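Colleague: Per our numbering: the sequence shown ends with 141, consecutive numbering throughout. Cβ coordinates follow ideal geometry from the N, Cα and C atoms, glycine included. Since this is a predicted model, take the numbers as computed values, not measurements.
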Amino acid sequence: MAHPSHGDPRIKVVLNADPASETVRVDVRGVVTTTNIRALYVVCRRVVAKFVGFEIVVDLGHARVTAAAFDELREHARQSIVSSGIDASVTPCRLRIVDPPVVLRVKESA
Numbered sequence: 032m033a034h035p036s037h038g039d040p041r042i043k044v045v046l047n048a049d050p051a052s053e054t055v056r057v058d059v060r061g062v063v064t065t066t067n068i069r070a071l072y073v074v075c076r077r078v079v080a081k082f083v084g085f086e087i088v089v090d091l092g093h094a095r096v097t098a099a100a101f102d103e104l105r106e107h108a109r110q111s112i113v114s115s116g117i118d119a120s121v122t123p124c125r126l127r128i129v130d131p132p133v134v135l136r137v138k139e140s141a
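Set out below in structure tokens:
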């Protein structure tokens, strides 16, 4: 897997909807950076549109995440929003983040 400072690594996501608890778990694998996090936002917005009112649980338990990307995700959860991944718009949602085992302290370029 590429180091975050050497290009844009891919992330993989697996969705698991639980109608009984009204949650959709988004299991993330790979290295999440402030660049590829946009793909995660696109997934989350599609989940919000399809599962109206459900809580989105972004599970980073099997991912590595740069500190900047993790801070961004935590702020989105605090504000109960998800970015579009394409422009500056945001979508209200119930968002919870499961912490990653590793937060990478690397300098990312914007």
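Helix, strand or coil: how does DSSP classify A80 here?
Modeller: Three-state DSSP puts A80 in a helix.
Colleague: Can you tell which of F82, A100, V134, G92 has its C-alpha closest to the C-alpha of A70?
Modeller: The residue with the shortest Cα to Cα distance from A70 is A100.
Colleague: So, for D58: in the same chain, excluding its five sequence neighbours on each side, which residues have a beta-carbon less than 6 Å away from its beta-carbon?
Modeller: So the list reads V45, D90, once near-sequence residues are dropped.
Colleague: Roughly how many angstroms separate the alpha carbons of R136 and D102, rounded to a whole number?
Modeller: If you take the alpha carbons of R136 and D102, they lie about 12 Å apart.
Colleague: Is the beta carbon of I42 closer than 9 Å to that of N67?
Modeller: It is a contact, given that the beta carbons lie within the stated cut-off.
Colleague: Select from V55, A119, V129 the residue whose C-alpha is nearest the C-alpha of K81.
Modeller: Of V55, A119, V129, the residue nearest in Cα terms is V55.
Colleague: According to DSSP, A94 sits in a beta bridge with which residue or residues?
Modeller: Answer is G61.
Colleague: Using beta-carbon positions only, say whether R125 and G84 come within less than 9 Å of one another.
Modeller: Contact: yes.
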